[in-house]
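Notes for the one structure printed next.
Number of protein chains: 2
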Amino acid sequence: MAANGAPSSPSFEALSSRTARSLIDSVDAFLFDCDGVIWTGHKLIDGVPEVLQTLRSLGKKLLFVTNNASKSRNQYVKKFHTLGLDVCKDDIFSSSFAAAMFLKLNNFPQNKKAYVVGAEGILEEMNLAGYACLGGPEGGKNMELDLSLLTECDKSIGAVVVGLDKHINHHKLQYATLCIRENPDCLFIATDAAGHLLANLEQCSDYQCAGCTISSLCASTEKEPIVVGKPSSFIMDILVERFQINPAKMCMVGDRLNTDILFGQNAGCKTLLVLSGVTTLSALQDPSNDIYPNYYTSNVFNIVELLRT
Amino acid sequence: MAANGAPSSPSFEALSSRTARSLIDSVDAFLFDCDGVIWTGHKLIDGVPEVLQTLRSLGKKLLFVTNNASKSRNQYVKKFHTLGLDVCKDDIFSSSFAAAMFLKLNNFPQNKKAYVVGAEGILEEMNLAGYACLGGPEGGKNMELDLSLLTECDKSIGAVVVGLDKHINHHKLQYATLCIRENPDCLFIATDAAGHLLANLEQCSDYQCAGCTISSLCASTEKEPIVVGKPSSFIMDILVERFQINPAKMCMVGDRLNTDILFGQNAGCKTLLVLSGVTTLSALQDPSNDIYPNYYTSNVFNIVELLRT
């Protein structure tokens, strides 16, 4: 089994009628990544409604696990509904929610604040969890710092939470860095893995992902963040406790090797890579890649389409 | 000798009257870093005029080598004059100038453009070298990108030059990334080393240095930059050719271990760390440090002060 992301040999195969059947028979739950799996931007990926309906009719639990922290679970419910999909909040595990849960489970004091480099989704989940926040997309958007000034940060900030912020600027990066470096025990929480994760030009050429901002802050703070999104096991631990499903009876379906597939592998899930997002078949087969899903297929629709053949 | 930054054992000593004399006797040129050595922000460091005057009267060549690309050499001449120091343009080697020289020495075509993530200094040096630039502090300052749009970059951009840009934003990072990833053979030039380099809270608590932006772009481009600033040997090669001085007859004086001191060591210069900038004595002595200058002293004034005792 490919536990700990270190499979002994490159063994993966294209999903077939036989393996699709055996995969569905062998698991009780499917965990879906969203971007590149369920949708691309504002567009639903073909066949998704039928896949969800078929898997549900077979009694499978469907859960949605995304490292896109720009939305809260409430905002994701709306997005699912807009796209014609009936998904409830309790089945959505976004890294915005994971960040708030991390603070809660670690007894982050209610009198401490979080500084957010990221979008509305993080702010909303933090507030729902009862934490006061500074920052966010609008916070300090137009501020500039004078290099010659010694800037102080709010000493009540006990955590910095980082996701993609399209309004990123010098002030925000500097303020986040000051908090992490100068406030004793200040947590540095990342909603995604550091580094670059998008690679498919056909889908989207926006290369500035959360991981790039996180990389910048790793450099300026000289610290590594606590990653609450995939591939960290943090969300899996919550899933297992909440739904009492053995990870061996789950299948993680995603489009990214070093987040989705690694997340599933680390937990001992079955893993299915779909090629409808950022990973191409040649990237999967590239000798430099060392993360292999159990199966790969062009898109989620094949899971049910293959049952018919 | 500590060539290639890998000294065999931690041997460094505080500059003394004896070693100051022998250091001065053994070299023909002093290479000074600027920030933290000659000045701190807008303030001249005590004793600098006397040091420069004394060393010149002893027939030493004085050169100034800085990784701060925010200014051009012309702008540095003005800064030296404002601080009462007589230094001419030909003796200043800023990484803004180095970036332009790199393009020139590598026959960068005049019909190609450079995209600059950085301050005026880079733009000015590029223009003096005859290259057209896009970007800079004001370029795209207030632009925002739609994630769902496939953004195209100017195909005539053949180089991206990166320094500290206090007006950094999502658009600039994205545009720089697009150029580096999508324009064939586009150069990725860094005016400073990647990563974090400032560490002295007493002097300045602005942690967002050029290295942080460079780290972010390393993540988004999945490429390593060509570093034209210290510790790269690029500037040294120019110095040696222009002034015909053997590096063994030079002393590099700086406040940073992984840029200044490494730069000097790699070239085979004598090295003197001053503690008036970002490096503290405890950082120098920390077991995690593996870059050792020949000598260290609290500030440049000691070089001549010690001659008197």
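Listed in order, the protein sequences are those of chains A and B. Residue numbers for the first sequence, in my numbering: 1 to 309. Residue numbers for the second sequence, in my numbering: 1 to 309. Glycine residues also receive a C-beta, built at the ideal position from the N, C-alpha and C atoms. Keep in mind it's a predicted model, so treat the numbers as computed, not measured.
Query                                                                                                                                        : Result
Chain A contact for residue 291 of chain B (CB, 8 Å cutoff)                                                                                  : no
Straight-line gap, residue 15 of chain A to residue 296 of chain A (C-alpha atoms, nearest Å)                                                : 6 Å
Alpha carbon of residue 238 of chain A to alpha carbon of residue 138 of chain B, nearest angstrom                                           : 46 Å
Test: residue 173 of chain B CB closer than 8 Å to a CB of chain A                                                                           : yes
Presumed contact (8 Å Cβ cut-off) between residue 257 of chain B and residue 273 of chain B, rounded CB distance                             : 7 Å
Amino acids of chain B, ordered along the chain, whose beta-carbon sits closer than 8 Å to that of residue 213 of chain A                    : 216
Residue 127 of chain A versus residue 159 of chain A - alpha carbon distance                                                                 : 14 Å
Residue 299 of chain B versus residue 81 of chain B - alpha carbon distance                                                                  : 21 Å
Exposure label - residue 181 of chain B; buried when at least 16 CB within 10 Å                                                              : buried
Minimum Cβ-Cβ distance from residue 219 of chain A to chain B less than 8 Å                                                                  : yes
Burial state of residue 152 of chain B, where buried means 16 or more other Cβ atoms lie within 10 Å                                         : exposed
Any C-beta of chain A under 8 Å from that of residue 169 of chain B                                                                          : yes
Residue 110 of chain A burial status per 10 Å Cβ neighbour count (16 or more: buried)                                                        : exposed
Three-state class that DSSP yields for residue 292 of chain B in the structure shown                                                         : coil
Straight-line gap, residue 305 of chain B to residue 52 of chain B (C-alpha atoms, nearest Å)                                                : 12 Å
Alpha-carbon spacing of residue 290 of chain B relative to residue 280 of chain B, whole angstroms                                           : 14 Å
Contact with chain A by residue 166 of chain B, beta-carbon distance below 8 Å                                                               : yes
CB contact check: residue 118 of chain B to chain A, cutoff 8 Å                                                                              : no
Chain-order list of residues whose beta-carbon lies under 7 Å from that of residue 154 of chain A (same chain, five-residue window excluded) : 113 and 134
Inter-residue spacing [alpha-carbon to alpha-carbon] between residue 93 of chain A and residue 73 of chain A                                 : 7 Å
C-beta contact flag for residue 24 of chain A and residue 32 of chain A at 8 Å                                                               : no
Per-residue DSSP class, three states only, for residue 251 of chain A                                                                        : strand
Reference residue 64 of chain B; option with closest CA among B:220, B:308, B:260 and B:292                                                  : B:260
Separation of residue 177 of chain B from residue 220 of chain B, as counted between CA atoms                                                : 6 Å
Minimum Cβ-Cβ distance from residue 136 of chain B to chain A less than 8 Å                                                                  : no
Beta-carbon proximity list for residue 262 of chain B, same chain, < 8 Å, skipping 5 on both sides                                           : 5, 230, 231 and 291
Buried or exposed (CB count within 10 angstroms, at least 16 for buried), residue 202 of chain A                                             : Low per-residue confidence applies at residue 202 of chain A: pLDDT is 38, beneath 50, and the placement is therefore not dependable, though the value from the model is reported in the following sentence. Counting Cβ neighbours within 10 Å, residue 202 of chain A comes out exposed, since fewer than 16 surround it.
Buried versus exposed, by CB contacts within 10 Å (16 or more), residue 124 of chain B                                                       : buried
Distance, residue 254 of chain B Cα to residue 282 of chain B Cα                                                                             : 16 Å
Where residue 90 of chain A falls, given that 16 or more other Cβ within 10 Å makes a residue buried                                         : exposed
Residue 195 of chain B at chain A interface by Cβ criterion, 8 Å                                                                             : yes
Residue 165 of chain A vs residue 227 of chain A beta-carbon contact at 8 Å                                                                  : no
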